[in-house]
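Peer 1: According to this note's numbering, the first sequence is numbered sequentially starting from 32.
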Amino acid sequence: MIARQSQLFIPTLREAPADADAVSHKLLVRGGYIRQVSAGLWTFMPIGWRVQRKIEQIIREEMNAIGGQEMLMPVLTPPELWEATGRLEIPEIFRLKDRTGREFILPLTHEETVTFHAREIQSYRELPQLWYHFQTKDRDEPRPRGGLLRVREFVMKDGYSFDRDEDGVRTSFEANREAYKRIFARCALETYDVQAESGIMGGKFSIDFLAPSGSGENTLVRCENGDYAGDLEIAQAVPPPAVLPDGLTAPEKVETPGVTTIEGLAEFLGIDQSATSKAMPVVKPDGALVLALVRGDDRLSETKLYDALPGPSRPATDDEIRVAFGAGGGSLGPVGFEGEVVADEALRDGQYVAGANRDGWHLRGVQAGRDFEPRFADLREPREGDRCPECGGALIFRTAIEVGHIFNFGSFYSKPLEATFLDEDGQEKALLGGSYGIGPGRVMAAIVEQHNDENGIVWPASIAPYGVHVLALHGGAEEVLTKADAVASTLSDAGYEVLLDDRDERPGEKFADADLVGSPLRVIVGKKTLEDGAVDVRRRDGSAEGRVAIEDVLKWVTDA
RNA sequence: CGGGGCGUAGCGCAGCCUGGUUAGCGCGUCCGGCUGGGGGCCGGGAGGUCGUGAGUUCGAAUCUCACCGCCCCGACCA
């Protein structure tokens, strides 16, 4: 089958929509791949859907290859399942009612539903299981953005494994991890699998797949030598050494009138910011006030603080600070504070300037372990200039898109939903689960972010909507169109997906549209070369360009 | 939810500050013609509740208020 462009709907645009920012957003819209219906709601136009289906097919093949069984679970979900796991209160859940007033939710993902089905697993003899589906997810995102990067409704491939023990879980998890690597490799997507935070998934352990990109919501921290990679939120990194003045035998009060910022403090005392400490009082859910302490030139990572406490906390109010410290923000410090102090590892050794818990005063020479007893934890957010924790090499920071996330969630869902099995020893045990998600739409956006030039998308062959784009520069000449048709037929018969631009348009427009659509291979049939019985051919990425005899086109395409 | 920006023809924009006949431009689109290897040219045409509502005014795209929508930053976030 030849796809004749004169009959297809590929609404390309000369200009990008004014409100587009991300490259993938601009190019997918300009290329006629997607259209916005409302904030975070997108239609995949015909060629966009072709691309999505190709990505899905690659995922499907790799999931099947590790024993995945495709199924389909409904979107509309009874809230009872989510009530049981305690996830019903998540604000991103869309809720609705039927005509009788019965409530339903649109699930963010399908752990509850799949675990509901896993209750039919009776025996260890049935384990392990790996199930997956491609299904619509709806999320009441507070802020959709960046075209396909963050949307309110999207199709996700979510897979779920069930195992009898930790060994099995590890095996399933690693099988999926390797499958994901193969999937992204086949999509020509550069990704890094990094340890991630589990968030609301209740998981014990999770891995993010981050694709470096011009726009994205994550920051990938990667060692120049390839020894380490992590998401900025939880990445470990070695800060540059602090520039410390000479030590003191005991803390020494120094008056610092009106100084309430680290910059101001360092300047006032004539020291480096790294020689100061920054105190952030937070309140835990139980009401306890904890002082988090990082080096003055560092930023506190909220994710790491969450892990260290552990649990959610909020910044203390001015009143709470006044009561606990007897001083206001800007003059706070660990010395003399009665509550718990959690200090960043960077403060383990050396003496730092800290707030004196008296407005307008600080302490010089404050030393952990001597002047106060903190609990140490990694609290700092990595920054440019840090070194790799493995090899000491330079760290590279890049914005990235999270294209996949895999979790080991243990019995988080199976316990409340009572999904158990009878083990070999006759004991009833909770199933151990993992979940594995990929958003094909995000993958599409990430591929475009990584494969484009100033003229449009440069699709990898594996997911291009059409592998070969034949341009008929006929200018109304019937014989050129006939030849182009014959070339397209030859390729099509050989198994290639061919898009034939048989429209009555000028050459410039056809070239521009072909660049936007981005098929990896292009064959140009025009009067100019036809006189010599030849056509021009070129790869979209510019790596090859030339002229071949018309009977050699199939050979060129096959070799390219 | 906080901060900022925008809303005028299918797309991209001007006009608004300083209110005044039929609201403009480019592209696209339709008809005719010339063209035909990187968005070509000539001629003719169609297409707009100026986001919505209220108000000020003799008169509102333009000034005021409210609301809605969209984008960006933050909060948030499998």
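No residue lacks a Cβ here, since even glycine has one placed at the ideal position from N, Cα and C.
Note that this is a predicted model, so its numbers are computed, not measured.
How about residue 191 and residue 466: are their beta carbons less than 9 Å apart?
Peer 2: Along the first sequence, read from residue 1 onward, the residue named residue 191 stands at position 160. Along the first sequence, read from residue 1 onward, the residue named residue 466 stands at position 435. Yes, these two residues count as a Cβ contact at 9 Å.
Peer 1: Buried or exposed for residue 574, going by 16 or more other Cβ atoms inside 10 Å?
Peer 2: Here the question's residue 574 lines up with position 543 in the first sequence. With fewer than 16 Cβ atoms within 10 Å of its Cβ, residue 574 is classed as exposed.
Peer 1: Please determine, among 384, 460 and 145, the residue with the shortest C-alpha to C-alpha distance to residue 392.
Peer 2: Mapped onto the first sequence, residue 392 falls at position 361. Among 384, 460 and 145, the Cα nearest to that of residue 392 belongs to 384.
Peer 1: For residue 516, name the three-state secondary structure that DSSP assigns.
Peer 2: What you label residue 516 is simply residue 485 of the first sequence in a count that begins at 1. Looking at residue 516 - three-state DSSP - the assignment turns out to be helix.
Peer 1: At the level of alpha carbons, what is the spacing between residue 374 and residue 411?
Peer 2: Within the first sequence, numbered from 1, the residue matching residue 374 stands at position 343. Within the first sequence, numbered from 1, the residue matching residue 411 stands at position 380. C-alpha separation (whole angstroms): 10 Å.
Peer 1: Going by C-alpha to C-alpha distance, which of 532, 544, 572 and 511 sits closest to residue 565?
Peer 2: The residue labelled residue 565 in the question sits at position 534 within the first sequence. Ranking the options by Cα distance to residue 565, first place goes to 511.
Peer 1: Go ahead and label residue 254 buried or exposed: buried means 16 or more other beta carbons lie within 10 angstroms of its beta carbon, across all protein chains shown.
Peer 2: For this step, residue 254 is matched to residue 223 along the first sequence. With 16 or more other Cβ atoms within 10 Å, it is buried.
Peer 1: Give the single residue among 270, 135, 472 and 301 whose Cα lies nearest to the Cα of residue 330.
Peer 2: Start at 1 with the first residue of the first sequence, and residue 330 comes out as number 299. The residue with the shortest Cα to Cα distance from residue 330 is 270.
Peer 1: Is the distance from the Cβ of residue 518 to the Cβ of residue 548 below 9 Å?
Peer 2: Residue numbering aside, residue 518 sits at position 487 when the first sequence is read from its first letter. Residue numbering aside, residue 548 sits at position 517 when the first sequence is read from its first letter. Cβ distance not < 9 Å, so residue 518 and residue 548 don't count as in contact.
Peer 1: Using the Cα positions of residue 431 and residue 87, report the straight-line distance between them to the nearest angstrom.
Peer 2: Against the first sequence, residue 431 aligns to sequence position 400. Against the first sequence, residue 87 aligns to sequence position 56. Straight-line Cα distance between these residues: approximately 21 Å.
Peer 1: Taking only three categories from DSSP, how would you classify residue 141?
Peer 2: Within the first sequence, residue 141 is the residue found at index 110, counting from 1. In this structure, residue 141 counts as coil in the three-state DSSP scheme.
Peer 1: So which of 397, 238 and 178 has the shortest CA-CA distance to residue 440?
Peer 2: What you label residue 440 is simply residue 409 of the first sequence in a count that begins at 1. Residue 440 has its Cα closest to that of 238, out of 397, 238 and 178.
Peer 1: Can you say whether residue 346 is buried or exposed, counting buried as having 16 or more other CB atoms within 10 angstroms of its CB?
Peer 2: By 1-based counting over the first sequence, the position of residue 346 is 315. Exposed: under 16 other Cβ atoms inside 10 Å.
Peer 1: Please report the residue range of the beta strand (DSSP E) in which residue 588 lies.
Peer 2: In the first sequence, counting from the first residue as 1, residue 588 sits at position 557. Looking at the DSSP string, residue 588 is not in any beta strand (DSSP E); the run it does join, the alpha helix (DSSP H), is 584 to 590.
Peer 1: Would you mind stating whether residue 376 and residue 408 have Cβ atoms separated by less than 9 Å?
Peer 2: Taking the first sequence and counting its residues from 1, the one referred to as residue 376 is at position 345. Taking the first sequence and counting its residues from 1, the one referred to as residue 408 is at position 377. Yes, Cβ-Cβ distance for residue 376 and residue 408 is below 9 Å.
Peer 1: Roughly how many whole angstroms lie between the Cα atoms of residue 124 and residue 387?
Peer 2: Position 93 of the first sequence, counting from 1, holds the residue named residue 124. Position 356 of the first sequence, counting from 1, holds the residue named residue 387. For residue 124 and residue 387, the distance between alpha carbons rounds to 46 Å.
Peer 1: Shortest alpha-carbon distance to residue 594 belongs to which of 508, 398, 322 and 193?
Peer 2: Nothing in the structure corresponds to residue 594, since the chain is present only between 32 and 591.
Peer 1: Please report how far the alpha carbon of residue 116 lies from the alpha carbon of residue 197, in whole angstroms.
Peer 2: The residue you call residue 116 lines up with position 85 of the first sequence. The residue you call residue 197 lines up with position 166 of the first sequence. Near 21 Å, if we compare the C-alpha coordinates of residue 197 and residue 116.
Peer 1: Here's the rule: buried if 16 or more other CB atoms are within 10 angstroms of the residue's CB, otherwise exposed. What is residue 160?
Peer 2: What you label residue 160 is simply residue 129 of the first sequence in a count that begins at 1. The residue in question, residue 160, is buried, as its Cβ has 16 or more Cβ neighbours within 10 Å.
Peer 1: Leaving out five residues on either side along the sequence, give the residues of the same chain with a beta carbon under 7 Å from the beta carbon of residue 421.
Peer 2: For the purposes of this step, residue 421 is taken as the residue at position 390 of the first sequence. Here the set comprises 254, 258 and 259.
Peer 1: Compute the Euclidean distance between the alpha carbons of residue 175 and residue 73, then round it to the nearest angstrom.
Peer 2: Translated into the one-based positions of the first sequence, residue 175 becomes position 144. Translated into the one-based positions of the first sequence, residue 73 becomes position 42. C-alpha separation (whole angstroms): 11 Å.
Peer 1: Considering only DSSP beta bridges, list what residue 192 is partnered with.
Peer 2: Indexing the first sequence from 1 puts residue 192 at position 161. Paired residue(s): 161 and 465.
Peer 1: Report the rounded CA-to-CA distance for residue 207 versus residue 358, giving the unit in angstroms.
Peer 2: What you label residue 207 is simply residue 176 of the first sequence in a count that begins at 1. What you label residue 358 is simply residue 327 of the first sequence in a count that begins at 1. About 53 Å.
Peer 1: Among the candidates 355, 316 and 361, whose CA atom is the shortest distance from the CA of residue 340?
Peer 2: For this step, residue 340 is matched to residue 309 along the first sequence. Residue 316 is the option with its Cα nearest to residue 340.
Peer 1: Between which residues of its own chain and residue 261 is the CB-CB distance below 7 Å, once the five residues before and five after are set aside?
Peer 2: The residue given as residue 261 occupies position 230 in the first sequence. Taken in chain order, the residues that qualify are 225, 226, 252 and 267.
Peer 1: What first and last residue would you give for the alpha helix (DSSP H) that runs through residue 202?
Peer 2: As a first step, residue 202 must be located in the first sequence, where it is residue number 171. Unbroken alpha helix (DSSP H) run through residue 202: 197 to 217.
Peer 1: Do the region 62 to 69 and the region 36 to 45 meet, that is, are 3 or more Cβ pairs less than 8 Å apart?
Peer 2: Short answer: they touch.
Peer 1: Using a 10 Å radius around the Cβ and a threshold of 16 neighbouring Cβ atoms, would you call residue 40 buried or exposed?
Peer 2: As a working note, residue 40 is residue 9 in the first sequence. Under this definition residue 40 is an exposed residue.
Peer 1: Does the separation of the CB atoms of residue 499 and residue 522 fall below 9 Å?
Peer 2: Walking along the first sequence from the start, residue 499 turns up at place 468. Walking along the first sequence from the start, residue 522 turns up at place 491. Yes, they are a contact pair.
Peer 1: Which of the three DSSP states is assigned to residue 443 in this structure?
Peer 2: Mapped onto the first sequence, residue 443 falls at position 412. The answer is coil: DSSP assigns residue 443 none of H, G, I, E or B.
Peer 1: For residue 494 and residue 290, I'd like the C-alpha separation in whole angstroms.
Peer 2: Here residue 494 refers to the residue found at position 463 when the first sequence is read from its first residue. Here residue 290 refers to the residue found at position 259 when the first sequence is read from its first residue. Distance between the alpha carbons of residue 494 and residue 290: 58 Å.
Peer 1: Can you tell me whether residue 558 is buried or exposed, with buried defined as 16 or more other CB within 10 angstroms of its CB?
Peer 2: Residue 558 sits at position 527 when you count from the first residue of the first sequence. Label assigned to residue 558: exposed.
Peer 1: Please classify residue 433 as buried or exposed, where buried requires at least 16 neighbouring CB atoms within 10 angstroms.
Peer 2: What you label residue 433 is simply residue 402 of the first sequence in a count that begins at 1. Classification of residue 433: buried, given that the 10 Å Cβ count is 16 or more.
Peer 1: When we look at the beta-carbon of residue 256 and count the other beta-carbons within 10 Å, is it buried (16 or more) or exposed?
Peer 2: Walking along the first sequence from the start, residue 256 turns up at place 225. Exposed is the call here.
Peer 1: Suppose contacts are defined by Cβ-Cβ distances below 9 Å. Is residue 538 in contact with residue 561 by that definition?
Peer 2: By 1-based counting over the first sequence, the position of residue 538 is 507. By 1-based counting over the first sequence, the position of residue 561 is 530. No; because the gap between Cβ atoms is not below 9 Å, this pair is not in contact.
Peer 1: Taking DSSP as the reference, what is the three-state secondary structure of residue 231?
Peer 2: Residue numbering aside, residue 231 sits at position 200 when the first sequence is read from its first letter. Caution is warranted here: a pLDDT of 49 is assigned to residue 231, below 50, making its placement in the model unreliable, and the coordinate value is therefore given only provisionally. DSSP places residue 231 in helix when its eight states are reduced to three.
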